[in-house]
Every structure is written in structure tokens, then in C-alpha cells.
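Each residue of the sequence shown is one higher than the one before, counting from 5 in the numbering used here.
Every residue, glycine too, gets a C-beta built ideally from N, C-alpha and C.
Bear in mind that the values here come from a model prediction, so they are computed numbers and not experimental data.
This report refers to the structure that appears directly beneath it.
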Amino acid sequence: MTEGTELITIGSAPDSWGVWFADDPEQIDPGRFLDEVAEAGYTWIELGPVGYLPTDAQELQDQLDAHGLKVSAGTVFEHLHQPDSWDDVWQQVSTVGALTQAVGGEHIVVIPDVWRDHKTGEPKEPRELTVEQWKLMTDGMNELGKRIADEYGLKVQFHSHADSHVGYQVDIERFLAATDPAYVNLCLDTGHVAYYGGDSLDLINRFPERIGYLHLKQVDPAIRDTVLAQDLSFPEAVRRGVMIEPPAGEPDLGPILDAVGHLGRPLYGIVEQDLYPCPPDVPLPIAQRTFTYLKNCVA
Numbered sequence: 005m006t007e008g009t010e011l012i013t014i015g016s017a018p019d020s021w022g023v024w025f026a027d028d029p030e031q032i033d034p035g036r037f038l039d040e041v042a043e044a045g046y047t048w049i050e051l052g053p054v055g056y057l058p059t060d061a062q063e064l065q066d067q068l069d070a071h072g073l074k075v076s077a078g079t080v081f082e083h084l085h086q087p088d089s090w091d092d093v094w095q096q097v098s099t100v101g102a103l104t105q106a107v108g109g110e111h112i113v114v115i116p117d118v119w120r121d122h123k124t125g126e127p128k129e130p131r132e133l134t135v136e137q138w139k140l141m142t143d144g145m146n147e148l149g150k151r152i153a154d155e156y157g158l159k160v161q162f163h164s165h166a167d168s169h170v171g172y173q174v175d176i177e178r179f180l181a182a183t184d185p186a187y188v189n190l191c192l193d194t195g196h197v198a199y200y201g202g203d204s205l206d207l208i209n210r211f212p213e214r215i216g217y218l219h220l221k222q223v224d225p226a227i228r229d230t231v232l233a234q235d236l237s238f239p240e241a242v243r244r245g246v247m248i249e250p251p252a253g254e255p256d257l258g259p260i261l262d263a264v265g266h267l268g269r270p271l272y273g274i275v276e277q278d279l280y281p282c283p284p285d286v287p288l289p290i291a292q293r294t295f296t297y298l299k300n301c302v303a
């Protein structure tokens, strides 16, 4: 065992079963997800999109208990760069924060809304933020992190994302410089960082105190390069298989887990391999192999 890696708790998420939306006919049934994530060997999960799993705390707890599962985090989406967006974002938080708290989760993963439609790939707004919009977003994230901590006792972890305004490493660094580590830190998604040619190890080494949570995934570099060269949408990239199970892609997760282990504090490492949409029999074998691979990395 590499020193410190025993502090990393490995889990998974509905995303690794092709789940992007609360309800979609192309997605696997939530009951099957719970059955299969437990069968694959995981004991920790994220809630996924609000409404996919039960939003009644007791019903959710009963289902978790029946499958021997625990929750690491809930997820909300933000568009705080837009004026008058606070109430909409906080409405999500009021559901997800209370539910996450009620079932023992510790974190809220905040994902920026994408500038291209997740289903059609069509642009919804400019791909670059103005200076004023950046300030609205970062100030809003500081306030969001503070209020979530005060009202729900949860830690906010910001997730950079392909097709969002915070995707490239330079964007991530700019975001970190403008936000308060007391209230907002980074959900380091190794796949989304690599999607735009970023370096997760560099981020860990230069911003160790800002690494609050991990999403573990890899990209297929050949598909990634084609997608970026043709300026295709992230949903199209996923359909083409841009996110690939380890150890077949980039980055190498072993050194990343070693570096995070040397931070000397407990962290969740949640597998989040984008597979939307996928045939229902695809996720489980991938999840089983990935679980075995990652447990070997931290054992």
C-alpha cells in the first residue's frame, strides 16, 4: 500500500450507469442501478441528478440500507454567472442539501451549467464569460458555499466540466484564485481535466489545499483529439466513447491516487465514467473491472 492511499474511499455514481437526467427512457432503472453498484463491490455512491433516486429521505435511506450503500455527496448545477439565478440554484440546494445531510453525506458537488445543450449540442449562450460574469459566478459560489456550510453542514466541491465556462486548466486556476477555500474547493475530475489537456497531478501539487474531492475517470486521447479538432459537443464525445475505463486511457490514475494519498487527509474517489446513453448490460462489467483496478491502486 502506498503511504496515505488508505485514506481514499472509492465509490461510484449513477453517471457510471449512463444516468444524466432525473428521468429519461434511455437510462437504466434506479433500482437496477442500486442492485448493480452494490454487486460491483461499491459501498459508497453519489445521489446523481436530483429525482433519479428517491427524494424522500426515509425512502432513500431504506433503499440504501437494503443494498448496503452509503452516500458521499449530492449534486447541484449552477448558472450563477447569470443575473437573478440565485433563487433557482438555491431551490436545488434546498432539496439536495437536506437530502444529502439526512442520509449522512458530507459534500455537495457543484457543476457549472454547460453553454451547449446537453442533449442537442446546440449553443445556448457564448462559450466565454465576461469579466462581470466571472465575478458574478465566483462571488456567487463563495456565498453558496458559505450558506450550504451554515445551513446543512456540507462542504462545497466545484466540478470543472467540458462544454462549461470552467473547463480548461487556466479556467480552473482562475476560479481557484477568485474563490474562498473556507467555503469552496475543487472536485478534481481527472477525466474532465484531461479532456482539455489539463494536468491533474500539477493541480494536486500546486493547489494541494484546494483538492476536496475526486472524480476518477479517463479519456480516450484519440477520440478526445478528434472531438476537439471538430469542435463537437461533449454529449457527442460521450456517444463516441471519449470516457473509457481505466487503465485504457489518460491520465494514469495510479500516480494521481499516490499524490492525493500524500495529502494526508481522507478523500472520496468517486468513479464517474460518462456513459449516456448506453445499453443496459454495458455498465456492470465495466464497474466490476474498474472497482478491482482502483482497489489494487490503493491497496
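What residues match up with His163 in a beta bridge as DSSP calls it?
DSSP output for His163 lists Cys191 as bridge partner(s).
At the level of alpha carbons, what is the spacing between Asn300 and Leu68?
So the two alpha carbons sit approximately 26 angstroms from each other.
Close beta carbons around Val100, own chain, < 8 angstroms, minus the five adjacent residues each side
The beta carbon of Val100 sits closer than 8 angstroms to the beta carbons of Leu51, Val54, Gly78, Thr79, Val80 and Ile112 from its chain, once the five residues preceding and following it are set aside; these are given in chain order.
Where does Trp24 sit, in a helix, a strand or coil, going by DSSP?
Three-state result, Trp24: coil.
Bridge partners - Arg120, DSSP secondary structure assignment:
As a beta-bridge residue in DSSP terms, Arg120 pairs with Pro127.
Which whole runs of the alpha helix (DSSP H) in the region 34-81 are 4 residues long or more, in chain order?
With a minimum length of 4 residues, the continuous alpha helix (DSSP H) runs that stay inside the region 34-81 are 34-43 and 61-71.
Counting only the same chain and skipping the five closest in sequence on each side, list residues whose C-beta sits under 6 angstroms from that of Arg244.
Ile227, listed in sequence order.
Supposed contact pair Thr13 and Trp48 - C-beta distance, whole angstroms, cut 8 angstroms
That pair is a contact at about 6 angstroms.
Between Leu140 and Leu180, is the Cβ-Cβ spacing less than 9 angstroms?
Taking C-beta atoms as the reference points, Leu140 and Leu180 fail to come closer than 9 angstroms.
From what residue to what residue does the alpha helix (DSSP H) around Val100 run?
Annotation: the continuous alpha helix (DSSP H) that includes Val100 extends over Trp90 to Ala106.
Contact belief for Thr183 with Met145 at Cβ below 8 angstroms, rounded distance in angstroms
For Thr183 against Met145, the beta-carbon gap comes to about 6 angstroms, under 8 angstroms, which counts as contact.
Within the continuous alpha helix (DSSP H) that includes Ser237, where are the two ends?
It is not in any alpha helix (DSSP H) - Ser237 carries neither H nor E in the DSSP assignment.
In whole angstroms, what separates the C-alpha of Pro289 from that of Val23?
The straight-line gap separating the alpha-carbon atoms of Pro289 and Val23 is approximately 16 angstroms.
For Asn189, count neighbouring C-beta atoms within 10 Å of its own C-beta (all shown protein chains included) and say buried if the count is 16 or more, exposed if not.
If you draw a 10 Å sphere on the C-beta of Asn189, you find 16 or more other C-beta atoms in it, and that means buried.
Can you list the beta strand (DSSP E) stretches of 3 or more residues lying completely in the region 177-231, in chain order?
Secondary structure in the region 177-231: the beta strand (DSSP E) runs of 3 residues or longer, each lying completely within the stretch, are 188-193 and 215-220 in chain order.
Going by DSSP, what residues sit across from Asp113 in a beta bridge?
For the record, residue 113 in the displayed sequence is Val; it is not Asp. Answer by DSSP bridge pairing, in chain order: Thr79 and Gln161.
Go through its chain and collect everything with a Cβ distance to Val242's Cβ below 8 angstroms, but skip five positions before and after it.
Around Val242: Asp278, Leu279 and Tyr280.
DSSP three-state assignment for Tyr272, whether helix, strand or coil:
Three-state result, Tyr272: strand.
Report yes or no: do the region 120-135 and the region 151-165 share at least 3 C-beta pairs separated by less than 8 angstroms?
Contact between the region 120-135 and the region 151-165 is absent: fewer than 3 CB-CB pairs across the two stretches fall below 8 angstroms.
Cα-Cα, which of Arg120, Thr134 and Val135 is closest to Lys308?
In this structure the chain extends from 5 to 303, so residue 308 is not present and cannot be described.
Determine the burial state of Pro283: buried for a count of at least 16 other Cβ atoms within 10 Å of its Cβ, exposed for fewer.
For Pro283, the number of other beta carbons within 10 angstroms of its own is below 16, and it is reported as exposed.
Helix, strand or coil, according to DSSP, for Glu30 in the structure here?
Coil.
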